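Here this note's numbering is used: the first residue of the sequence shown is 833, the next is one more, and so on.
Every residue gets a Cβ at the ideal spot worked out from N, C-alpha and C, and that includes glycine.
Computed from a predicted structure; not experimentally measured.
Working notes, beginning with the structure itself.
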Amino acid sequence: MNGEIFHGSGAILVDTGKRAAALSRPRERKSLEDRIRQQAAELEAVQGRIGAAEAAEETLNRQLGERSQQAAEAE
Numbered sequence: 833m834n835g836e837i838f839h840g841s842g843a844i845l846v847d848t849g850k851r852a853a854a855l856s857r858p859r860e861r862k863s864l865e866d867r868i869r870q871q872a873a874e875l876e877a878v879q880g881r882i883g884a885a886e887a888a889e890e891t892l893n894r895q896l897g898e899r900s901q902q903a904a905e906a907e
């Protein structure tokens with residue numbers, strides 16, 4: 833064995849040290865592309881939730897500021 837790595841998923845990686853590892857199996861490449869698309873969709877969903885949370889925070893801070901100002905004026 834010369835730099836081989838065996839994974840439980842069936843993937844075998846060989847590092848000859850001469851070039852970067854390439855995805856030689858179409859099935860492996862498709863699987864990784866599918867995972868990338870799935871992760872990108874999840875990232876987009878999380879970013880949407882973060883944007884909504886930031887907008888809600890701004891609204892709450894504005895309301896809090898207005899109420900604080902009203903309380904100060906009432907004193």
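- Item | Element boundaries [alpha helix (DSSP H), containing R867] | The count along the sequence shown starts at 1 and reaches residue 867 at position 35. Taken as a continuous stretch (DSSP letters only), the alpha helix (DSSP H) holding R867 covers 858 to 906.
- Pull up the CB-CB distance for A885 and E860, whole angstroms please, since I reckon it's below 8 Å. By 1-based counting over the sequence shown, the position of residue 885 is 53. By 1-based counting over the sequence shown, the position of residue 860 is 28. In this structure A885 is not in contact with E860, their Cβ atoms being roughly 37 Å apart against a cut-off of 8 Å.
- Expressed to the nearest angstrom, what Euclidean distance is found between the alpha-carbon atoms of D866 and N893? Here residue 866 corresponds to residue number 34 of the sequence shown, with the count starting at 1. Here residue 893 corresponds to residue number 61 of the sequence shown, with the count starting at 1. The alpha-carbon atoms of D866 and N893 are separated by roughly 41 Å.
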